[in-house]
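> Provided herewith is a single structure, encoded as structure tokens, for subsequent inquiry.
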Amino acid sequence: MANKILLAYIGADGLFVIMGAIMLGFSVIVQNDAFTTPAEGMQAARNLFYQKFPLTAGIVNAVFIFVTFLSTVPAIITPSRAWLKISGYLVTVCAAFSLILGLYLWILTLTVKKDFAPIWIAQTPEIQSLMQTAFNCCGYFNSTSPAFVTDATCPSPAAAALMRGCATPISSFANVFVDDIFTAVFGMCGIDGVLILATACLAKDRKENERFRHIDEKSDARGTF
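Shown next as structure tokens:
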């Protein structure tokens, strides 16, 4: 009968490498799309927030996850506990790395309104207009701070003065999608934790098996006299 502890370890290891693939795919795709010309306001806002993401760090973390996964292969196919210990330490490093990325994204959500103001100011009138249209707002904090861009949503100073600033709706929009992302990253840390526990259980099981094997060897040796 297959060792259930080993099967659990293999399952956790599979989830671990899938997690690395997801992180790599997301980081590469977003890094390629973040600087494309947006077609509408929500895409423009999303791209601007994506440019603040630690995407390069995400790619590095994903690569390190794959390296760690490779170290688990000899831990699976050999009874030695040495590779288990090495892979366990590497998984711990991956978990810490992912946790730092998740915390960084979480901290971004705490100061979205203030941090996005200089980003808004740096954009062209065309990009600002796209965001005004998408979020039905004028200017950033209000229609005069900084000054709104004249468009169909904000056709005149009098009309713009009656509209809300874009800071609040953009902050709410950013909080929703960034919350989903850092929650997913924290979930990846949970998978790391499961693999660490599975590693500890498998190492303990192998240690017990080794102890019993030594006992049997000693018993057989005494039986020959």
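FYI, in full-length UniProt numbering the residues of the sequence shown are 1 to 225.
Built from N, CA and C at the ideal position, the CB exists for glycine as well.
None of the values given here were measured: they were computed from a predicted structure.
Tell me whether Thr-144 sits in a helix, a strand or coil according to DSSP, three-state version.
Correct three-state label for Thr-144: strand.
> How do the segment 180-194 and the segment 8-18 stand: do at least 3 beta-carbon pairs fall below 8 Å, yes or no?
Yes: at least three Cβ pairs fall under 8 Å.
> Anyone know if the C-beta pair for Gly-88 and Val-185 falls short of 8 Å?
Taking 8 Å as the Cβ cut-off, Gly-88 and Val-185 do not qualify as a contacting pair.
> What residue does the alpha helix (DSSP H) around Ala-117 start on, and which one ends it?
Segment 112-122, the alpha helix (DSSP H) holding Ala-117.
> Report back the beta-carbon spacing between Thr-109 and Asn-175 to the nearest angstrom; my notes put them in contact at under 8 Å.
Rounded, the Cβ-Cβ distance is 5 Å, consistent with contact.
> DSSP on Leu-162, reduced to helix/strand/coil?
It is coil, neither helix nor strand.
> Compare the beta carbon distance of Leu-105 and Ala-44 with 8 Å and say whether it is the shorter of the two.
Not a contact, by the Cβ cut-off of 8 Å.
> According to the neighbour-count rule (16 or more other Cβ atoms, all chains shown, within 10 Å of its Cβ), is Phe-35 buried or exposed?
Classification of Phe-35: exposed, given that the 10 Å Cβ count is below 16.
> Could you tell me if residue 241 is buried or exposed, where buried requires 16 or more neighbouring beta carbons within 10 angstroms of its beta carbon?
The requested residue 241 is not part of the displayed model; the chain covers only 1 to 225.
> Exposed or buried, which one is Gly-139 when buried takes at least 16 other CB atoms within 10 Å?
Burial call: buried.
> My output table needs one value for Pro-79: the three-state DSSP class, helix, strand or coil.
Pro-79 falls in the coil class under three-state DSSP.
> Does DSSP classify Gln-31 as helix, strand or coil?
Three-state DSSP puts Gln-31 in a helix.
> For Leu-55, count neighbouring C-beta atoms within 10 Å of its own C-beta (all shown protein chains included) and say buried if the count is 16 or more, exposed if not.
Looking at its Cβ environment, which holds 16 or more other Cβ atoms inside 10 Å, Leu-55 is buried.
> Under 6 Å Cβ to Cβ from Ala-167, same chain only, skipping five residues before and after it: list those, please.
Cβ neighbours of Ala-167 beyond the five flanking positions: Lys-113, Tyr-140, Phe-141.
> Could you tell me whether any non-hydrogen atom of the ligand MG is closer than 7 Å to the CB of Gln-31?
This structure simply doesn't include the ligand MG, nor any ligand for that matter.
> My output table needs one value for Phe-53: the three-state DSSP class, helix, strand or coil.
Phe-53: coil per DSSP, three-state reduction.
> Mind checking which residues open and close the alpha helix (DSSP H) that includes Glu-126?
125-135 is the extent of the alpha helix (DSSP H) around Glu-126.
> So, at 6 Å on beta carbons, what are the nonlocal neighbours of Ala-2 in its own chain, with the 5 sequence-adjacent residues on each side left out?
With a pLDDT of 48 at Ala-2, under the threshold of 50, the modelled position of this residue cannot be trusted; read the value that follows with caution. Within the same chain, Ala-2 has no close Cβ partners at all.
> Looking at C-alpha atoms only, which residue of Ser-172, Thr-144, Ile-170 is the closest neighbour of Ala-159?
Comparing Cα positions, the closest option is Thr-144.
> Within 10 angstroms of the Cβ of Ala-21, are there 16 or more other Cβ atoms? Answer buried if so, exposed if not.
Burial call: exposed.
> Could you check whether Leu-24 and Ala-62 sit closer than 8 Å to each other, using their CB atoms as the reference points?
For Ala-62 and Leu-24, yes; Cβs fall inside 8 Å.
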